[in-house]
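Beneath this line is the structure, given in structure tokens, with notes to follow.
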Amino acid sequence: MTTRFLPNQWREYALLDAGNGQRLERFGEWTLVRPDPFALWEPAGQAKDWERAHATFEPTGRTQGRWHMTAGTPNRWPLRYQSKRLDLTFQLEMTKFKHVGIFPEQADNWEFIAEHLQP
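Numbering (my numbering) for the sequence shown: 9 to 127.
Pasting the structure below:
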């Protein structure tokens, strides 16, 4: 049996919507649209929510692309993760590979590790 851990207490990150091969995410105060080849369904949210994103990643090849950002959107910014056991600050950055330097779905794995490393 496999146990899956899903992030459920991270206030600075949210998967807002997904569909049509993309995901709409919030990292702190910034909303981003990034490709997601597994989001094969129709988005549940409103088109206006997607249009309001601060940055959208446009693939320009199989493994690269570029970000289109609204005025005032930073290329780098800090993002904090706080819980009972952890207080982490990450420095995020929009890369040419669609990533921002963190995989939010790993948050519960960090919690699992912290729980098992504590005396």
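For every residue, glycine included, the Cβ atom is placed at its ideal position computed from N, Cα and C.
Legend entry - the stretch 106-125 / the stretch 49-56 touching (three or more Cβ pairs under 8 angstroms): no
Inset, instruction - Taking all protein chains shown into account, decide if W75 is buried (16 or more other Cβ within 10 angstroms of its Cβ) or exposed. - result: W75 comes out buried.
Inset, instruction - Quick one: give me the first and last residue of the alpha helix (DSSP H) that L125 is part of. - result: A115 to L125
Inset, instruction - Taking D95 as part of the beta strand (DSSP E), name the residues at either end of that continuous run. - result: D95 to E101
Legend entry - For K106 and P45, believed in contact at Cβ under 8 angstroms, the rounded distance: That pair is no contact at about 11 angstroms.
Legend entry - C-alpha gap between F65 and W85, whole angstroms: Taking the straight line joining both Cα atoms gives about 17 angstroms.
Inset, instruction - Within its chain, find whatever has a CB closer than 8 angstroms to the CB of D25; leave out the 5 residues flanking it on each side and keep chain order. - result: Answer for D25: R31, L32, P51, A52, G53, D57 and W58, listed in chain order.
Legend entry - Cβ-Cβ distance between L40 and A61 below 8 angstroms: yes
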